[in-house]
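Numbering (the working numbering), first residue to last: 445 to 572. Reading through the structure tokens given below for one structure.
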């Protein structure tokens, strides 16, 4: 049985870690936005500087200002979205197992209609 009391200190540390990560990511996002704005205003100069530097690695060329926005096209209606996924769970990855569990799931639904979504999962235990 899982005793959550034993995890209390670790969960507190995890909460602190998550808070620090959130702050770090926020600072990264703010810096990226600032750099995007600077590059947006001077994108031709950035493009020329990259061409002049002749970098050893492949660098994508900008065709327009990086912060340019465009209106998204109308999406077709109705539209069907489908996905499938499978996973297998072995009892121990270091030994040849005498069995395994295979789980295959399917999802399909339509935007723009009132049809019910198809959600299914088929687990299968293989041991022979």
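Don't be surprised by glycine CBs; every beta carbon is placed ideally from N, CA and C. Bear in mind the structure is a predicted one, so any value in this text is a computation, not a measurement.
Counting along the chain, the unbroken alpha helix (DSSP H) around residue 461 starts and ends at 452-485. The segment 533-552 makes no contact with the segment 505-522, as fewer than three CB pairs between them are under 8 Å. Its Cα nearest to that of residue 488, the residue 511 stands out among 476, 475, 511, 500.
Ranked by Cα distance from residue 567, the first of 561, 486, 557, 531 is 531. Here the alpha carbons of residue 500 and residue 467 stand approximately 34 Å from one another. Under the DSSP assignment, residue 544 falls in the beta strand (DSSP E) whose first and last residues are 544-555. For the pair residue 509 and residue 471, the Cα-to-Cα distance works out to about 23 Å.
Bridge pairing for residue 529: 549 [DSSP].
Assigned with DSSP and collapsed to three states, residue 496 falls in helix. Taking the Cα positions, residue 527 is about 42 Å away from residue 486. Per DSSP, reduced to three states, the secondary structure at residue 448 is helical. The straight-line gap separating the alpha-carbon atoms of residue 560 and residue 525 is approximately 13 Å.
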